[in-house]
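Notes to accompany the following structure.
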Amino acid sequence: MTGPQLLTSLNFREEKSTILESVKMVKVQLKDVVLRKYRFTDQTSVWRIYEKIRTEHRKTMYINALKSWKTQLVCMILLTLGTAISKTMLVGYALGLAYLGLVIYSCYRLHVFLCSVDNDLARINLDYMKQGGHFLIATYHKQIIGFVGLSSNVDSDDEGVFELRQLCVDKEYRRQGVGEKLLYTIIEHANSLPNCTKLEFTIEPNVSPLGIFTKFGFQHKLNIWFGYHVHGLATMKYQRYQMKME
Numbered sequence: 019m020t021g022p023q024l025l026t027s028l029n030f031r032e033e034k035s036t037i038l039e040s041v042k043m044v045k046v047q048l049k050d051v052v053l054r055k056y057r058f059t060d061q062t063s064v065w066r067i068y069e070k071i072r073t074e075h076r077k078t079m080y081i082n083a084l085k086s087w088k089t090q091l092v093c094m095i096l097l098t099l100g101t102a103i104s105k106t107m108l109v110g111y112a113l114g115l116a117y118l119g120l121v122i123y124s125c126y127r128l129h130v131f132l133c134s135v136d137n138d139l140a141r142i143n144l145d146y147m148k149q150g151g152h153f154l155i156a157t158y159h160k161q162i163i164g165f166v167g168l169s170s171n172v173d174s175d176d177e178g179v180f181e182l183r184q185l186c187v188d189k190e191y192r193r194q195g196v197g198e199k200l201l202y203t204i205i206e207h208a209n210s211l212p213n214c215t216k217l218e219f220t221i222e223p224n225v226s227p228l229g230i231f232t233k234f235g236f237q238h239k240l241n242i243w244f245g246y247h248v249h250g251l252a253t254m255k256y257q258r259y260q261m262k263m264e
C-alpha cells in the first residue's frame with residue numbers, strides 16, 4: 019500500500035470532545051500532536067499508559083468468563099453430579115461455587131500477567147529497535163499520550179513479516195485521531211522498509227481499536243485461543259489480521 023493510498027483511507031477528523039466511560043476527554047488539536055522515536059526516558063510513561071489500559075479491560079474479562087457457555091455448562095454438570103451423589107443440593111452448589119472461584123482466580127492471574135511490564139515493553143530497545151523495527155511515541159504539549167510499536171516477526175514462517183504491536187492511546191485523548199495518526203505513521207515507516215512484505219497484528223475481538231486497523235485494509239486471517247493459569251480456565255480469544263505491502 020502506497021503513501022497516497024494510505025492517506026485516502028485515513029480520516030483525521032477532530033471530533034467534538036465527549037464523555038467516554040465517565041472520563042472527561044481532553045480536547046486535542048491534532049496538528050499539535052507530535053510523533054517521535056522512543057527514548058529510554060519514556061519507559062515509565064509507556065508502562066503507566068499500558069497498565070491503565072489493561073486495567074480498563076479487567077471488568078469485561080471477568081464478566082465474559084463468568085457468562086461464557088463453558089463456565090455455565092461446567093457449573094450445571096457439577097451441580098447435577100454433586101446433588102446426585104450426595105442427595106443434597108448443598109454439595110452441588112458448593113462444587114459450582116468452587117469452580118466459579120477457580121475461574122475468577124484464573125482471570126485475576128491472567129490480568130496480572132497482561133498488566134505485567136516484564137514483557138516486550140520492558141525491552142523496547144531490544145525487541146523493537148532492530149531489523150527495521152520502530153517504536154513511535156505520541157506527545158501532546160510534551161506529555162506522552164500514546165504509542166505503537168513495529169517489530170520483525172521472527173516467529174513467522176514467511177520472510178518479510180512485521181508485526182504491529184501495542185497500539186495504545188491514553189483514555190483522555192481517544193476518539194480524536196491520535197490512534198489513526200500513530201498507525202498511519204508507523205505503516206508509512208514499514209512501507210519504506212525494503213524487506214517488509216506483510217504487516218500483521220493480533221488483537222482481542224470487539225475492542226475499539228479494531229475499526230482503525232480495518233480502515234487501513236487489514237483483513238482477518240485466523241483466530242488464536244490463549245489460556246493462562248489453572249489449566250486454561252481463563253481463556254481469551256485473539257484475532258490475527260494481516261495486510262500485504264505493495
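Going by the working numbering, the first residue of the sequence shown is number 19, and it counts up by one from there. By construction, the Cβ of each residue, glycine as well, lies at the ideal position given by its N, Cα and C atoms.
Check                                                                                                                                                               : Outcome
Taking the CB atoms as reference points, tell me whether valine 166 and leucine 200 lie closer together than 8 Å.                                                   : yes
In angstroms with no decimal places, state the Cα-to-Cα distance between leucine 240 and phenylalanine 219.                                                         : 11 Å
Under a Cβ-count criterion, where at least 16 other Cβ atoms within 10 Å of its own Cβ denotes burial, should serine 40 be classed as buried or exposed?            : Note that serine 40 scores 46 on pLDDT, short of 50, meaning its location in the model is unreliable; the coordinates nonetheless yield the value given after this. Serine 40 should be labelled exposed.
If you draw a straight line from the C-alpha of lysine 105 to the C-alpha of leucine 99, how long is it?                                                            : 10 Å
Sorted by chain position, which residues of the same chain lie with C-beta nearer than 6 Å to methionine 261's C-beta, five sequence neighbours on each side aside? : Leu217, Gly235 and Phe236
So valine 46 and valine 196 are supposed to be a Cβ contact under 8 Å. How far apart are they, rounded?                                                             : 7 Å
According to DSSP, what are the bridge partners of glutamate 218?                                                                                                   : Glu181 and Gln260
What does the alpha-carbon distance come out to for the pair leucine 8 and alanine 102?                                                                             : Limits of the chain in this structure are 19 at one end and 264 at the other, which puts residue 8 out of reach.
Can you give the Cα-Cα distance for leucine 113 and isoleucine 122, rounded to whole angstroms?                                                                     : 14 Å
Pick from Tyr202, Leu91 and Asn143: whose alpha carbon is nearest that of leucine 185?                                                                              : Tyr202
Specify the secondary structure class of phenylalanine 234 as computed by DSSP and reduced to three states.                                                         : coil
How about aspartate 266 and isoleucine 162: are their beta carbons less than 8 Å apart?                                                                             : No answer is possible for residue 266: the residues shown for the chain start at 19 and end at 264.
Using the C-alpha atoms, what's the distance from glutamine 194 back to threonine 238?                                                                              : It should be noted that the sequence gives histidine, not threonine, for residue 238. Computed Cα separation, rounded: 25 Å.
For serine 211, name the three-state secondary structure that DSSP assigns.                                                                                         : According to the sequence provided, residue 211 is leucine. The question's serine does not apply to it. Leucine 211: coil per DSSP, three-state reduction.
Give the secondary structure of serine 170 by DSSP, where H, G and I count as helix, E and B as strand, and everything else as coil.                                : strand
By alpha-carbon positions, which one of Tyr111, Phe231 and Leu120 ends up nearest to glutamate 181?                                                                 : Phe231
Going by C-alpha distance, which of Gly178, Ser124 and Asn213 is nearest leucine 84?                                                                                : Ser124
Could you tell me if arginine 192 is buried or exposed, where buried requires 16 or more neighbouring beta carbons within 10 angstroms of its beta carbon?          : buried
Rounded to whole angstroms, what is the Cα-Cα separation between glutamate 190 and lysine 77?                                                                       : 19 Å
What separation, rounded to the nearest whole angstrom, lies between the Cα atoms of isoleucine 142 and phenylalanine 153?                                          : 8 Å
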